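In what follows, a structure is listed as structure tokens, so that the remarks can point back to it.
Residue numbers (my numbering): 1173 to 1345.
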């Protein structure tokens, strides 16, 4: 949803660093979890709880920024899409990314060829990531013209923000 909203508000080209940052950040998270950081979550539940609420708070802040964006021209001048570094770093506090990384490593790694399988899982996710994030940003970018009407854009941004916050519900239960 964040990439969809970024595609609408900033266009596909200006969203590329955000897309690349997600790919690099999630790849590094997958490798980190594969090399043992996932075990930290199992042995220290408080770390997971802190991570979950910090990530949730950050997503609520992003939702607020999306909901309060006023116009497409505002996106060109005063606001900016998420940078490569911000998007990559966000993966490390995104509880949904952690759940996916831990699940992927637990499901798809082979204990006999563990390091090789960690790398293969990371590379497989990286290959799938690019078309996935490009699709979200591309659909958003394709709606830019239709959403150039300020009323439509306002309600689109509010809807995207509400959906982003709603996506936290399963994680916070």
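Glycine included, every Cβ here is placed at the ideal spot set by N, Cα and C.
From a predicted model like this one, the values you see are computed outputs, not experimental measurements.
Taking buried to mean at least 16 other C-beta atoms within 10 Å of its own C-beta, is residue i buried or exposed?
i            : result
residue 1175 : buried
residue 1317 : exposed
residue 1214 : exposed
residue 1307 : exposed
residue 1187 : buried
residue 1216 : exposed
Residue i lies in the alpha helix (DSSP H); which residues open and close that run?
i            : result
residue 1218 : 1217-1239
residue 1323 : 1322-1338
residue 1307 : 1286-1314
residue 1200 : 1184-1204
With DSSP run on the structure shown, which of helix, strand or coil describes residue i?
i            : result
residue 1260 : helix
residue 1268 : helix
residue 1282 : coil
residue 1342 : helix
residue 1273 : helix
residue 1177 : helix
residue 1211 : helix
residue 1252 : coil
Taking Cβ positions, are residue i and residue j nearer each other than 8 angstroms?
i            : j            : result
residue 1223 : residue 1271 : no
residue 1191 : residue 1300 : no
residue 1263 : residue 1201 : yes
residue 1193 : residue 1257 : yes
residue 1297 : residue 1199 : yes
residue 1210 : residue 1251 : no
What is the rounded straight-line gap between the Cα of residue i and the Cα of residue j?
i            : j            : result
residue 1240 : residue 1229 : 17 angstroms
residue 1315 : residue 1180 : 6 angstroms
residue 1320 : residue 1282 : 50 angstroms
residue 1336 : residue 1231 : 7 angstroms
residue 1341 : residue 1284 : 37 angstroms
residue 1247 : residue 1295 : Residue confidence is low: residue 1247 scores 45 on pLDDT, short of 50, so the model does not pin down where it sits. Its coordinate-derived value is still stated next. Distance between the alpha carbons of residue 1247 and residue 1295 is about 33 angstroms.
residue 1323 : residue 1332 : 14 angstroms
residue 1220 : residue 1195 : 22 angstroms
residue 1234 : residue 1182 : 15 angstroms
residue 1261 : residue 1254 : 11 angstroms
residue 1204 : residue 1328 : 36 angstroms
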